[in-house]
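2 protein chains.
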Amino acid sequence: MWYDAVMRTYGQYCPLAKTLDVIGDRWSLLIVRELLFRGPCRYTDIRNGLPGIATNLLADRLRDLEQAGVIRREAAPPPVATTLFHLTPRGEELRSVLRAMAQWGLPLLGDAPGDDAFRSHWLAPPAAIYLSDTTPDRPPIAIEVRTGDEPMVIETVDGAVRARLGAVERPDAVLAGPPRIVIDLIIGKLDLAEARARGLRYEGDPEVLGRLQPRAIGEV
Amino acid sequence: MWYDAVMRTYGQYCPLAKTLDVIGDRWSLLIVRELLFRGPCRYTDIRNGLPGIATNLLADRLRDLEQAGVIRREAAPPPVATTLFHLTPRGEELRSVLRAMAQWGLPLLGDAPGDDAFRSHWLAPPAAIYLSDTTPDRPPIAIEVRTGDEPMVIETVDGAVRARLGAVERPDAVLAGPPRIVIDLIIGKLDLAEARARGLRYEGDPEVLGRLQPRAIGEV
DNA sequence: CAGCATCCGCTTTGATACTG
DNA sequence: CAGTATCAAAGCGGATGCTG
Numbered sequence: 123m124w125y126d127a128v129m130r131t132y133g134q135y136c137p138l139a140k141t142l143d144v145i146g147d148r149w150s151l152l153i154v155r156e157l158l159f160r161g162p163c164r165y166t167d168i169r170n171g172l173p174g175i176a177t178n179l180l181a182d183r184l185r186d187l188e189q190a191g192v193i194r195r196e197a198a199p200p201p202v203a204t205t206l207f208h209l210t211p212r213g214e215e216l217r218s219v220l221r222a223m224a225q226w227g228l229p230l231l232g233d234a235p236g237d238d239a240f241r242s243h244w245l246a247p248p249a250a251i252y253l254s255d256t257t258p259d260r261p262p263i264a265i266e267v268r269t270g271d272e273p274m275v276i277e278t279v280d281g282a283v284r285a286r287l288g289a290v291e292r293p294d295a296v297l298a299g300p301p302r303i304v305i306d307l308i309i310g311k312l313d314l315a316e317a318r319a320r321g322l323r324y325e326g327d328p329e330v331l332g333r334l335q336p337r338a339i340g341e342v
Numbered sequence: 123m124w125y126d127a128v129m130r131t132y133g134q135y136c137p138l139a140k141t142l143d144v145i146g147d148r149w150s151l152l153i154v155r156e157l158l159f160r161g162p163c164r165y166t167d168i169r170n171g172l173p174g175i176a177t178n179l180l181a182d183r184l185r186d187l188e189q190a191g192v193i194r195r196e197a198a199p200p201p202v203a204t205t206l207f208h209l210t211p212r213g214e215e216l217r218s219v220l221r222a223m224a225q226w227g228l229p230l231l232g233d234a235p236g237d238d239a240f241r242s243h244w245l246a247p248p249a250a251i252y253l254s255d256t257t258p259d260r261p262p263i264a265i266e267v268r269t270g271d272e273p274m275v276i277e278t279v280d281g282a283v284r285a286r287l288g289a290v291e292r293p294d295a296v297l298a299g300p301p302r303i304v305i306d307l308i309i310g311k312l313d314l315a316e317a318r319a320r321g322l323r324y325e326g327d328p329e330v331l332g333r334l335q336p337r338a339i340g341e342v
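Order-wise, the sequence lines are chains Z and W. All the letters of the first sequence, read from the start, carry residue numbers 123 to 342 under this note's numbering. All the letters of the second sequence, read from the start, carry residue numbers 123 to 342 under this note's numbering.
(1) With 16 as the cutoff for other CB atoms within 10 Å, does residue 143 of chain Z come out buried or exposed?
(2) Beta-carbon separation of residue 213 of chain W and residue 141 of chain Z under 8 Å?
(3) What three-state label does DSSP hand residue 263 of chain Z in the structure shown?
(4) Residues in the stretch 210-242 of chain W with C-beta within 7 Å of chain Z's C-beta atoms, listed in sequence order?
(5) How big is the Cα-Cα spacing for residue 288 of chain Z and residue 266 of chain W?
(6) Determine the DSSP secondary structure at residue 210 of chain Z, reduced to helix, strand or coil.
(7) What is the DSSP secondary structure of residue 227 of chain Z, reduced to helix, strand or coil?
(8) Where do the N-terminal and C-terminal ends of the beta strand (DSSP E) with residue 273 of chain Z fall, by residue?
(9) Using a 10 Å radius around the Cβ and a threshold of 16 neighbouring Cβ atoms, would you call residue 249 of chain Z buried or exposed?
(10) So if I threshold CB-CB distances at 7 Å, which residues from the stretch 150-162 of chain W count as touching chain Z?
(11) I want to see whether chain Z comes within less than 8 Å of residue 138 of chain W, judged by CB atoms only; does it?
(12) Would you check if the distance between the CB atom of residue 274 of chain W and the CB atom of residue 284 of chain W is smaller than 8 Å?
(13) With residue 324 of chain W as the anchor, note down where its alpha helix (DSSP H) starts and where it stops.
(14) In this structure, how does DSSP classify residue 301 of chain Z when only helix, strand and coil are distinguished?
(15) Taking just the CA atoms, how far does residue 216 of chain Z sit from residue 188 of chain Z?
(16) Can a CB atom of chain Z be found closer than 8 Å to the CB of residue 325 of chain W?
(17) Can you tell me whether residue 329 of chain Z is buried or exposed? The criterion is at least 16 other CB atoms within 10 Å of its CB, across all chains shown.
(18) Give a yes or no on whether the C-beta atoms belonging to residue 325 of chain Z and residue 296 of chain Z are separated by under 8 Å.
(19) Applying the 10 Å Cβ sphere with the 16-neighbour rule, what's the burial state of residue 192 of chain W?
(20) What is the DSSP secondary structure of residue 330 of chain W, reduced to helix, strand or coil?
Quick look at the structure:
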């Protein structure tokens, strides 16, 4: 096997077109999403985060992105003993691109088909963008969110709202249910009572959740 | 003719994937670029801004983007008397995505092949992102830039630097030459003397140009 | 001429099977 | 686990033709 495939490019002296030459192929940006939202991953981890990708395509894209200096593969020391894929600093700089695109796309989740695949980490970072802490002077809070394949935490850190995978010792509230209901609640499309009527489970003081408010459009 | 083509989607309940379902196809974002950087355009104008696109693909993409609510077609009144393609408000909101991507891609112009196609308006908005006015308290300046197919103006407006297509009555300086030299000068890769040695023509007080400085990395 | 649609050959993608 | 090999289907690029 030899990889001398000639890259298809737009051939335009334009910064946007050059960016698309690098990350415009199908699946490429979603691979970056996996590494950006989850950190360094094994081949199998990435594939699990990209249901539907053909394995040969994943291998191709990883080669291309490495070639372009966006990712880097590294032999992990024991006990992992496998190769891990990392973002390079240059790849990390795509964060602002991902953030802008995820923000633009959040409203599209409203009428998404019900049989979409779902992974918790796809939603954690974007969801936090839309939330603000109405009373940042009060003690910080942490809400455990159980939807999808992994638990998440939404927490306040000095005025900002962050979301991440993982758990927390003693959450101030626990939110559980199907992804759509959780998201609709978070972005303010449903209130707590409505969400409960549709299958959401909530434990804890409603005040805790009430402290987080969806930002106004354009405020983000 | 009937357009029941099944849209290919990632099938992921993820805001980024949903965005890519809409603007992830080849050429789609470049069509948005044309409308965003140039304003409403005729079919032919768009095609001229996208050298290399097959005309049937352009027609397809315009249909898809219209369907998705990103663009809108409108019958222009005389004397134009043709249909104009506009961005919808929703399409305008892609500006932040384009800005992030163009910013990421600007360094890639450094080693771009010399036979790339070029249009002035591809560069005007992105280039200004990298420039700041070192002495915003002094009177505003305007520099005429002649490179590519259309004249541009780089000007200071209350502290910020903007670039746009068009001309100005009495520019404080005039910059002319091949795109690469002009860009390398603007982003600080070359100084005025070096750029001149490579074919750049400059008329006016060098002080005028010196007032604009490329921002430090990460400052943008 | 502006705004497409059709046809054709090539490339990319998707699905699955197989391997060190 | 981390890929490669194979093949069918879909997408793309280029040329050309049609219609108001």
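Even glycine gets a Cβ: it sits at the ideal position worked out from N, Cα and C.
Well, looking at it:
(1) buried
(2) In this structure, residue 141 of chain Z does not lie closer than 8 Å to residue 213 of chain W by Cβ.
(3) DSSP places residue 263 of chain Z outside both helix and strand once states are collapsed to three, so it counts as coil.
(4) Within the stretch 210-242 of chain W, the residues whose Cβ lies closer than 7 Å to any Cβ of chain Z are, in chain order, 215, 216, 218, 219, 220, 222, 223, 224, 226, 227, 228, 230, 231, 234, 238, 239 and 240.
(5) If you take the alpha carbons of residue 288 of chain Z and residue 266 of chain W, they lie about 54 Å apart.
(6) coil
(7) helix
(8) From DSSP, the beta strand (DSSP E) with residue 273 of chain Z extends over 272-279.
(9) buried
(10) 151, 152 and 155
(11) yes
(12) Not in contact: residue 274 of chain W and residue 284 of chain W (Cβ atoms no closer than 8 Å).
(13) Taken as a continuous stretch (DSSP letters only), residue 324 of chain W belongs to no alpha helix (DSSP H), being part of the beta strand (DSSP E) at 323-326.
(14) helix
(15) 14 Å
(16) no
(17) exposed
(18) yes
(19) buried
(20) helix
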